[in-house]
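Step one of this worksheet: look at the structure below.
Chains as they are written, first to last, in the numbering used here: chain A, 1 to 155; chain B, 1 to 583.
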């Protein structure tokens with residue numbers, strides 16, 4: 001599947017799609033109202049010798065959250081994940097490795113495929129927050145903070 | 001019959017010539033090699049050949065007799081349906097011209113190496129090698145005008161670098177292209193060998209493995225082999241970035257930062273100051289960019305290094321008697337001077353106490369100069385390049401001013417220590433020029449019409465009331481207009497970017513860079529159509545020569561036009577690296 005064949009399920013479109021509603025509503029209902037989390041709130045302390053997660057981030061582990069940011073272009077067209085960044089990404093993600101990523105990125109694993117959103121647009125991602133090191137088996141990409149079972153829409 | 005015979009001969013010759021040109025010998029033809037320095041030699045044949053058919057001679061003698069070292073014949077190389085021979089860690093002790101001939105059946109390749117010796121006694125005790133990453137003529141001119149001003153066409157003051165005695169034009173091209181990057185350029189300075197874009201301390205062979213390429217000796221390794229001198233590396237970038245990496249490491253791929261961090265540890269420069277702590281932290285620590293459990297902070301501490309993680313700790317570390325300082329001031333690249341010292345933008349909120357290049361240079365020289373055998377210090381003004389890529393000229397120029405302050409520190413040291421050679425240079429250039437000014441006082445709202453060219457440019461109105469060498473503010477009403485000659489689609493705002501470094505273009509789903517709409521609504525902004533391929537994210541390096549300047553003993557070796565790799569030879573000669581000086 002290439003990027004252009006992603007199914008678009010923004011809230012507006014989902015309302016017009018019976019299948020979309022069927023997919024989306026149970027997921028939304030199953031979750032409590034998501035707590036909003038910002039990039040600034042992710043870390044309690046940021047230092048040369050490492051970062052520590054904030055109490056807020058830790059307390060939201062495995063709970064529904066929503067976060068606003070920018071979508072970095074997907075690693076591979078068929079990947080079901082993308083990277084959410086605080087500012088639009090200018091450097092080429094994955095061009096060489098994950099070496100050039102900023103510290104505060106959130107990896108988003110989508111519940112359903114969605115169309116790539118232009119990197120110029122702010123999006124809001126909703127899903128379950130996962131904290132802890134995890135290596136993506138397909139790409140080797142290491143993440144510390146993830147939003148899984150996620151969906152997003154433009155703000 | 002005679003005609004046919006002639007034709008056959010001609011065809012045979014042609015075929016032989018074609019095949020012969022496909023064999024590659026590393027080091028490449030016209031390589032210059034420091035006598036006694038270890039290097040790897042590799043012959044890549046065009047096809048699979050039998051080991052028994054292969055001969056490699058050096059000035060007519062079997063190569064193994066001349067070179068020594070380990071020899072391995074590989075019948076079929078990874079990634080190539082062809083054979084190769086590797087000679088690992090070989091040396092040539094005697095200076096002179098060496099002709100290398102590799103033959104296998106019909107394949108023949110001949111290259112010539114110039115093995116050079118050095119003076120027997122050093123001319124310089126210390127060398128301070130200051131690299132403005134991407135430093136171009138426009139950066140220098142802009143730094144001079146912004147820092148000192150200009151009246152009636154004459155500069156009101158001079159940069160430190162303006163008073164260096166000797167100079168040369170440096171050709172920066174890589175082995176595979178006229179174009180170039182910080183890896184191959186710094187590698188040429190620090191090894192005396194040109195190489196390929198993205199490569200450091202190696203010749204770029206045909207196999208994909210980035211760690212198996214034929215190595216050449218780095219400056220740090222040569223110093224450890226021949227001298228007891230102290231070694232220092234100071235940068236505002238990640239310490240694993242190409243420029244600092246090239247002082248002490250070997251990889252085909254500059255992105256191998258975790259490996260580079262290990263290679264730098266293996267050499268253990270005495271003073272290491274910069275960013276990139278992410279590669280020092282074990283993977284379990286949030287913020288780490290390693291994929292293993294190595295804790296380099298602890299490893300360095302165990303090896304006797306005093307650790308500093310901010311400005312205050314660096315100051316304290318100056319008094320250390322351990323002789324070794326590890327200063328890590330950012331997980332990634334340190335912030336630009338404009339953000340760090342003035343605007344407090346970028347990542348300064350997260351890393352508020354980063355020292356500047358001037359302070360780091362001072363601490364490094366204080367520490368290294370305690371070594372009675374002298375020192376080699378590499379200082380990099382990294383953000384000149386890091387801010388030129390995104391066309392953020394105000395930041396690039398402010399970093400040039402800071403770089404010049406570090407040069408002043410070095411020149412002051414050399415004044416009282418005249419056995420010190422100072423080299424100031426860029427590694428490559430950027431496609432940028434100053435074309436005039438932007439004057440807000442001109443009528444109207446069309447910013448393009450406020451650009452002053454020729455006589456209309458007038459002089460900018462920066463001030464430096466506090467005399468710190470930096471303009472009191474960057475967003476004066478009549479300011480320098482620097483323009484890039486290349487780049488992706490972007491919005492030209494004609495103004496300094498006070499909210500944080502410029503991000504000219506961002507990637508779309510087709511992996512093409514499009515103008516960042518964040519700047520679309522800045523009053524008077526105009527869309528500038530890009531002129532490089534659409535997968536290019538920012539402005540690119542120029543192929544233009546770099547201007548190198550130098551002072552002190554040995555600096556007379558710099559003159560006219562020089563290949564970047566020839567700079568190493570001047571350094572090696574100043575330090576007499578052909579002669580064993582270590583106990």
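Idealized CB from N, CA, C, for every residue including glycine. The structure displayed is predicted, hence computed values, not measured ones.
Given residue 38 of chain B as reference, the closest of B:90, B:84, B:59 and B:65 once Cα atoms are compared = The residue labelled residue 38 of chain B in the question sits at position 38 within the second chain. Of the listed residues, the one whose Cα sits closest to residue 38 of chain B is B:90.
Drop a sphere of 10 angstroms on the beta-carbon of residue 436 of chain B, count the other beta-carbons inside from all chains shown, and report buried for 16 or more, exposed for fewer.
-> In the second chain, residue 436 of chain B corresponds to position 436, counting from 1. The residue is buried, with at least 16 neighbouring Cβ atoms inside 10 Å.
Within 9 Å (strictly less), CB to CB, does residue 46 of chain A reach chain B?
-> Stepping through the first chain from its first residue, residue 46 of chain A is reached at position 46. Cβ-Cβ to chain B under 9 Å: yes for residue 46 of chain A.
Counting along the chain, where does the beta strand (DSSP E) carrying residue 453 of chain B start and finish?
-> In the second chain, the residue the question calls residue 453 of chain B occupies position 453. That residue, residue 453 of chain B, is in no beta strand (DSSP E); it is neither H nor E in DSSP.
Is the shortest distance between the beta-carbon of residue 199 of chain B and the beta-carbons of chain A less than 9 Å?
-> The residue you call residue 199 of chain B lines up with position 199 of the second chain. Residue 199 of chain B does not count as touching chain A.
Between the CA atoms of residue 557 of chain B and residue 46 of chain B - distance to the nearest angstrom | Indexing the second chain from 1 puts residue 46 of chain B at position 46. Indexing the second chain from 1 puts residue 557 of chain B at position 557. Each residue's alpha carbon lies about 40 Å from the other.
Starting from the Cα of residue 100 of chain B, find the closest Cα among B:131, B:43 and B:146 and give me that residue.
-> Reading the second chain from its first residue, position 100 is the one you call residue 100 of chain B. With distances taken between Cα atoms, residue 100 of chain B lies closest to B:43.
Specify the secondary structure class of residue 316 of chain B as computed by DSSP and reduced to three states.
-> Indexing the second chain from 1 puts residue 316 of chain B at position 316. Helix at residue 316 of chain B.
Using CA coordinates, which residue listed in B:486, B:489 and B:482 is at the minimum distance from residue 496 of chain B?
-> Indexing the second chain from 1 puts residue 496 of chain B at position 496. Ranking B:486, B:489 and B:482 by Cα distance to residue 496 of chain B puts B:482 first.
Starting from residue 328 of chain B, find everything on chain A with Cβ-Cβ shorter than 9 Å and list it in chain order.
-> As a first step, residue 328 of chain B is located in the second chain; it is residue number 328 there, counting from the start. Here the neighbours are 48 and 49.
Just list the alpha helix (DSSP H) runs in the stretch 117-151 of chain B, keeping only unbroken ones of 4 residues or longer that don't cross its boundaries, in chain order.
-> 137-148
Contacting residues, own chain, Cβ-Cβ under 6 Å from residue 27 of chain A (five flanking each side not counted) = Within the first chain, numbered from 1, the residue matching residue 27 of chain A stands at position 27. Any reading at residue 27 of chain A must be qualified, since the residue scores a pLDDT of 44, below 50, and its modelled position is unreliable; no value is offered.
Taking only beta carbons into account, state which residues of the stretch 117-147 of chain A come closer than 7 Å to chain B, listed in chain order.
-> 118, 119, 120, 133, 142 and 144
Where residue 60 of chain B and residue 232 of chain B are concerned, what is the direct C-alpha to C-alpha distance, given to the nearest angstrom?
-> For this step, residue 60 of chain B is matched to residue 60 along the second chain. For this step, residue 232 of chain B is matched to residue 232 along the second chain. Answer to the nearest angstrom: the Cα atoms are 42 Å apart.
Run of the beta strand (DSSP E) containing residue 194 of chain B, from where it starts to where it stops | In the second chain, the residue the question calls residue 194 of chain B occupies position 194. Per DSSP, residue 194 of chain B belongs to no beta strand (DSSP E) and is neither H nor E.
Give a yes or no on whether the minimum CB-CB distance between residue 125 of chain B and chain A is below 9 Å.
-> Translated into the one-based positions of the second chain, residue 125 of chain B becomes position 125. Not an interface residue.
Per-residue contacts from residue 281 of chain B into chain A (C-beta, under 8 Å) | Reading the second chain from its first residue, position 281 is the one you call residue 281 of chain B. The contacting residues are 49 and 50.
Is there contact between the stretch 118-137 of chain B and the stretch 376-388 of chain B, where contact requires at least three CB pairs shorter than 8 Å?
-> yes
Can you tell me whether residue 529 of chain B is buried or exposed, with buried defined as 16 or more other CB within 10 angstroms of its CB?
-> The count along the second chain starts at 1 and reaches residue 529 of chain B at position 529. Residue 529 of chain B is exposed by the Cβ-count criterion.
On the three-pair Cβ rule with 8 Å, is the stretch 505-525 of chain B touching the stretch 135-155 of chain B?
-> no
Does DSSP put residue 114 of chain B in a helix, in a strand, or in coil?
-> In the second chain, counting from the first residue as 1, residue 114 of chain B sits at position 114. In the structure shown, residue 114 of chain B sits in a strand (DSSP, three-state: E or B).
Measure the CB-CB distance between residue 374 of chain B and residue 229 of chain B and report whether it falls below 9 Å.
-> To locate residue 374 of chain B, count along the second chain from 1; it is residue 374. To locate residue 229 of chain B, count along the second chain from 1; it is residue 229. Closer than 9 Å, so yes.
Entirely enclosed alpha helix (DSSP H) segments - the stretch 258-319 of chain B, minimum 4 residues | 296-302 and 311-317
With C-beta atoms as the reference, is residue 573 of chain B less than 9 Å away from residue 189 of chain B?
-> Counted from its first residue, the second chain places residue 573 of chain B at position 573. Counted from its first residue, the second chain places residue 189 of chain B at position 189. It is not a contact, given that the beta carbons lie outside the stated cut-off.
Report yes if the CB atom of residue 257 of chain B is closer than 9 Å to the CB atom of residue 210 of chain B, and no otherwise.
-> Against the second chain, residue 257 of chain B aligns to sequence position 257. Against the second chain, residue 210 of chain B aligns to sequence position 210. In this structure, residue 210 of chain B does not lie closer than 9 Å to residue 257 of chain B by Cβ.
In its own chain, which residues sit with a C-beta less than 7 Å from the C-beta of residue 17 of chain B, not counting the 5 before and 5 after it?
-> Locating residue 17 of chain B in the second chain gives position 17, counting from the first residue. At residue 17 of chain B, the pLDDT of 39 sits below 50, so the modelled position is not reliable and the matter cannot be decided from this model.
Classify residue 369 of chain B as helix, strand or coil using the three-state DSSP reduction.
-> Within the second chain, numbered from 1, the residue matching residue 369 of chain B stands at position 369. It is coil, neither helix nor strand.
Buried/exposed call for residue 578 of chain B, threshold 16 Cβ in 10 Å | As a working note, residue 578 of chain B is residue 578 in the second chain. That one is buried.
Coarse secondary structure for residue 377 of chain B, derived from DSSP in three states = Start at 1 with the first residue of the second chain, and residue 377 of chain B comes out as number 377. Residue 377 of chain B: strand per DSSP, three-state reduction.
Return the chain-ordered list of same chain residues with a C-beta closer than 6 Å to the C-beta of residue 169 of chain B, the five sequence neighbours on each side being excluded.
-> As a first step, residue 169 of chain B must be located in the second chain, where it is residue number 169. Contacts found: 545 and 561.
Identify the residues that DSSP records as bridge partners of residue 128 of chain A: which are they?
-> Sequence index remark: in the first chain, residue 128 of chain A carries index 128 (1-based). In DSSP, residue 128 of chain A forms a bridge with A:64 and A:148.
State the beta-bridge partners of residue 479 of chain B as determined by DSSP.
-> The count along the second chain starts at 1 and reaches residue 479 of chain B at position 479. B:438.
Given a threshold of 16 other Cβ atoms within 10 Å of its Cβ, counted over all protein chains shown, does residue 601 of chain B qualify as buried or as exposed?
-> Chain B is shown only over 1 to 583; residue 601 of chain B falls outside these bounds and no answer can be derived.
Buried or exposed: where does residue 538 of chain B fall if 16 or more other Cβ atoms within 10 Å of its Cβ makes it buried?
-> Within the second chain, residue 538 of chain B is the residue found at index 538, counting from 1. That one is buried.
Taking one C-beta from the stretch 400-408 of chain B and one from the stretch 239-252 of chain B each time, how about it: are there three or more such pairs within less than 8 Å?
-> no
Have a look at B:542, B:449, B:505 and B:526 and flag the residue whose alpha-carbon is nearest the alpha-carbon of residue 89 of chain A.
-> Taking the first chain and counting its residues from 1, one reaches residue 89 of chain A at position 89. Looking at the Cα atoms, B:505 is the closest of the given residues.
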